[in-house]
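So for the sequence shown, the numbering used here puts the first residue at 51; every next one is plus one.
Before any comments, here is the structure.
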Amino acid sequence: MANPFDDESAQFTVVRNDRRQHSLWPCAFDVPEGWENVFGPASRGECEAYITAHWTEHTRA
Numbered sequence: 051m052a053n054p055f056d057d058e059s060a061q062f063t064v065v066r067n068d069r070r071q072h073s074l075w076p077c078a079f080d081v082p083e084g085w086e087n088v089f090g091p092a093s094r095g096e097c098e099a100y101i102t103a104h105w106t107e108h109t110r111a
């Protein structure tokens, strides 16, 4: 079986955990416990663009 994360023709969602970390997730699989769907379904490229635009790492000084 091919890696579903590498399938450019598949539909994906963007999921986020309680630490506000984002991940690309194939629509063919259930969202893992502790994560919520925040965008999609959409193409892999659209999901990657969403992650780039919405995930900012916050550092504490």
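Yeah, the Cβ is synthetic: ideal placement off N, Cα and C, and Gly gets one too.
Between residue 77 and residue 60, the C-beta spacing is below 8 Å. If the five residues before and after residue 58 are omitted, its C-beta is found closer than 7 Å to the C-beta atoms of 94, all from its own chain and listed in chain order.
Of the candidates 84, 54, 90 and 55, 84 places its Cα closest to the Cα of residue 71.
Scanning the segment 60-105 from its first residue to its last, the whole alpha helix (DSSP H) runs of 4-plus residues come out as 94-104. By the beta-carbon neighbour count (other beta carbons within 10 angstroms, threshold 16), residue 63 is buried.
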